[in-house]
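Okay, so here's the structure we're looking at.
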Amino acid sequence: MSAVRNTLRPCLGAVLIVVAALALTACGRDEPDLSNGKAQFVQKCGSCHVLSRAGTAGVTGPSLDASFRAALQAGLDRDTVEGVVKRQIANVRRNSAMPADLVTGDNARDVAAYVAFASGKTGEDGGALAQAGLAGATSGEQIYTAAGCAGCHTLAKAGSKANIGPSLDDLAAAAGDREKGKSAEKYVREAIVEPGAFTVEGFGAGVMPAYEGRLTDKQLQALIDYLLEE
Numbered sequence: 084m085s086a087v088r089n090t091l092r093p094c095l096g097a098v099l100i101v102v103a104a105l106a107l108t109a110c111g112r113d114e115p116d117l118s119n120g121k122a123q124f125v126q127k128c129g130s131c132h133v134l135s136r137a138g139t140a141g142v143t144g145p146s147l148d149a150s151f152r153a154a155l156q157a158g159l160d161r162d163t164v165e166g167v168v169k170r171q172i173a174n175v176r177r178n179s180a181m182p183a184d185l186v187t188g189d190n191a192r193d194v195a196a197y198v199a200f201a202s203g204k205t206g207e208d209g210g211a212l213a214q215a216g217l218a219g220a221t222s223g224e225q226i227y228t229a230a231g232c233a234g235c236h237t238l239a240k241a242g243s244k245a246n247i248g249p250s251l252d253d254l255a256a257a258a259g260d261r262e263k264g265k266s267a268e269k270y271v272r273e274a275i276v277e278p279g280a281f282t283v284e285g286f287g288a289g290v291m292p293a294y295e296g297r298l299t300d301k302q303l304q305a306l307i308d309y310l311l312e313e
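Here the sequence shown stands for residues 84 to 313, where the numbers follow our numbering.
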């Protein structure tokens, strides 16, 4: 028996090492990435929801600051908020304006973690989070993606095919038809910073959030140039 035990001990030791390694690996995979969560939130959710720390001001869906602020102040812990957001993402209500499978897998986990971290907080994100999402976007294409434009508009060169808002293909030509006497650049600039000033026929007013103050002057110009370039 002692010989058997002596033979098994190294095997059991090896098994325990493997189990421990797998457990550590699993823990690493389960750790949320807040920077990715913020970036995904701004791209996929920000056009519909307010979340101050993320710099989003959408009005179609509920404000996530207002939704959780009172409960957090009353003592609700942020882990519970994270769980609530995860369930809302995974179980979208029937006939809801929110599309199902908007974010999935690790991205959904990261979004829930970031919303739980940021909701109801004032001020700005610091460190690596400060550059996540829209803040770190510099090219027109990056800004288009980071600002969440792809979630509402069709633009072939960006690979977006949404139809909540008007198509942005051939925008330079379309701009002149929509508002006579206004240059394409002026039309696009106004549509971004003050979308309520003009509504394209067939699309609802008040859906697109205003980006005034959310884009730097350089970002705004880069986005305009990107949308108008052939």
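Positions of the beta carbon are idealized from the N, C-alpha and C atoms, including for glycine.
A quick note: this is a predicted structure, and the numbers were derived from the prediction, not measured.
For this session: Identify, in the order they occur along the chain, each residue of the same chain with its Cβ nearer than 7 Å to the Cβ of V142, setting aside the five sequence neighbours on each side.
Result: Within the sequence shown, residue 142 is the residue found at index 59, counting from 1. So the list reads G289, P292, once near-sequence residues are dropped.
Exercise. So, A199 versus R161, is the Cβ gap smaller than 8 Å?
Worked result: Residue numbering aside, residue 199 sits at position 116 when the sequence shown is read from its first letter. Residue numbering aside, residue 161 sits at position 78 when the sequence shown is read from its first letter. The Cβ-Cβ distance between A199 and R161 falls below 8 Å.
Problem set entry | According to DSSP, residues forming a beta bridge with V133 | On the sequence shown, residue 133 is found 50 positions in, with the first residue counted as 1. V133 is bridged to A140.
Exercise. Just to check, is the beta-carbon of K121 closer than 7 Å to a non-hydrogen atom of the ligand PLP?
Worked result: In the structure on display, the ligand PLP does not appear, and there are no ligands present to speak of.
Exercise. Where do the ends of the alpha helix (DSSP H) carrying Y309 lie?
Worked result: One-based indexing of the sequence shown puts residue 309 at position 226. In the DSSP assignment, Y309 falls within the unbroken alpha helix (DSSP H) covering 300-311.
For this session: Indicate the three-state DSSP secondary structure (helix, strand or coil) for L238 in the structure shown.
Result: Residue mapping note: residue 238 aligns to position 155 of the sequence shown, counting from 1. L238 sits in a strand when the DSSP states are folded into three classes.
Problem set entry | Environment of I307 [buried if 16+ CB atoms lie within 10 Å] | For the purposes of this step, residue 307 is identified with residue 224 of the sequence shown, where counting begins at 1. Its Cβ being crowded by 16 or more others within 10 Å, I307 is buried.
Problem set entry | S338 (DSSP reduced to helix, strand or coil) | Because the chain is modelled from 84 through 313, residue 338 falls outside the range shown and cannot be assessed.
Exercise. So what does DSSP say about V168, is it helix, strand or coil?
Worked result: Here residue 168 refers to the residue found at position 85 of the sequence shown. Helix.
For this session: Compute the distance between the beta-carbons of V125 and G231, then report whether it is under 8 Å.
Result: Residue mapping note: residue 125 aligns to position 42 of the sequence shown, counting from 1. Residue mapping note: residue 231 aligns to position 148 of the sequence shown, counting from 1. At the C-beta level, V125 and G231 come within 8 Å of one another.
Problem set entry | Residue ranges of each beta strand (DSSP E) within the region 257-298, 3 or longer | If we require 3 residues or more, the region 257-298 turns out to have no beta strand (DSSP E) run fully inside it.
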